[in-house]
Amino acid sequence: MYILGISCFYHDSAAALLKDGLVIAAAEEERFSRQKHDSGYPQHAINFCLQTAGISAADLDYVVFYEKPMLKFERIFKTNLAAFPHSWRTFGEAMIAWLGDKLWVKAQIQEKVGVPADKILFADHHASHAASAFFASPFKEAAVLTIDGVGEWTTTAKGIATADWDGSGQNTLVLSEEQRFPHSLGLLYSAFTAYLGFRVNNGEYKVMGMSPYGEPNHMDKLEKIFKLYDDGSFWLDMDYFSFHYSHTRTYSDKFIKLFGPPRVHSDNFYTAKTNPEVNPHDPQVQQNQYYADIAASIQRVTEEAIIKMLR
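The opening position of the sequence shown corresponds to residue 8 in my numbering, with each subsequent residue numbered one higher.
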């Protein structure tokens, strides 16, 4: 059995091909298009997978898209209406994008891959994350935790997975607990990514890299916007964020009043730790140290939240 998996129209489009449950080819579209984080339809990646296997689209048993577009559209529609009038500009842009293209994924796959509608399936976003992690592991059974920005509605999911490696059982994946949008650990981290002068869905690793040069001494401020409970669940004070109604900014003016002006992306980053030869009393050094301390604080909060979820 051949199953083609497709992910696209958000960031880092990709395709993967399975034969009898084993991955035999996978590729990101950016490797062929040379466009970083290419979000377009992954035609080159699909062609690569089929050519690697030596098959054509006619040999595919199923094509699976990585999430459920109708549920995602429902979330975007409802959250934009709830945030009106703040969301008026974003709402119009979202409706044009979704009604013009993104809702019709099934028709696009039919046309571009060349398979009938009954061979096209849609997986849950977080189930896709969980499956890609667990079924590529050597474990027969494991607890599974997925954390990201947001899928259809889910932002965090927990569950149990089992694998039939020897033919004596069956493959199962049950996600039994979830946290829902807008309360998202991933979007919290992305808000600080933007605040610290980096691009969302691209520069989060830079925040993690900045954090060792600071101290987590702004935990009191983080506690005003993020509440972590003993069971690992959490709550965001949405007055400090704008990602639920804006495509251009992830944090609100209230966030800026609490944390101060955001870092300018083009500014050089150096502190007394990164460059011991600089004057520690230089205003730029002190400002950079503040941003490093913010990075250390959000990193600490993120790690504490994940550890509580795992326990």
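Beta carbons are placed, not taken as given, at the ideal position from N, Cα and C, and that holds for glycine.
Model, not experiment: these values are computed from the prediction.
Taking 8 Å as the cut-off, the Cβ atoms of residue 157 and residue 120 do not count as close. In this structure, the alpha-carbon of residue 142 lies about 41 Å from that of residue 96. In the three-state reduction of the DSSP assignment, residue 30 falls in the strand class, which pools E and B.
Contact holds between the stretch 19 to 27 and the stretch 53 to 60, because three or more Cβ pairs, one in each stretch, are under 8 Å apart. Of the candidates 29, 224, 314, the residue whose Cα lies closest to the Cα of residue 171 is 29.
Collapsing the DSSP output to three states places residue 261 in a helix. In this structure residue 78 is in contact with residue 159, their Cβ atoms being roughly 4 Å apart against a cut-off of 8 Å. Within the same chain, and ignoring the five residues on either side of residue 36 in sequence, the residues whose Cβ sits closer than 7 Å to its Cβ are 20, 21, 45, 47, 49, 51, 52. For residue 202, the enclosing alpha helix (DSSP H) begins and ends at 192 to 202. Closest in C-alpha terms to residue 230, from the list 111, 276, 221, 242, comes 242. Rounded to the nearest angstrom, the gap between the Cα atoms of residue 76 and residue 315 is 31 Å. Three or more pairs of CB atoms, one per stretch, sit closer than 8 Å, so the stretch 83 to 100 contacts the stretch 238 to 253.
Under the three-state reduction of DSSP, residue 213 is assigned to helix. Beyond the five residues adjoining it in sequence on each side, residue 295 comes within less than 7 Å, by CB distance, of 276, 277, 278 in the same chain, given in chain order.
Around the beta carbon of residue 146, fewer than 16 other beta carbons sit within 10 angstroms, so the residue counts as exposed. As a beta-bridge residue in DSSP terms, residue 186 pairs with 163. Residue 232 and residue 89 have their C-alpha atoms roughly 20 Å apart.
For residue 245, the closest C-alpha among the options 175, 206, 192, 182 is that of 192. Ranking 234, 107, 263 by CA distance to the CA of residue 312 puts 234 first.
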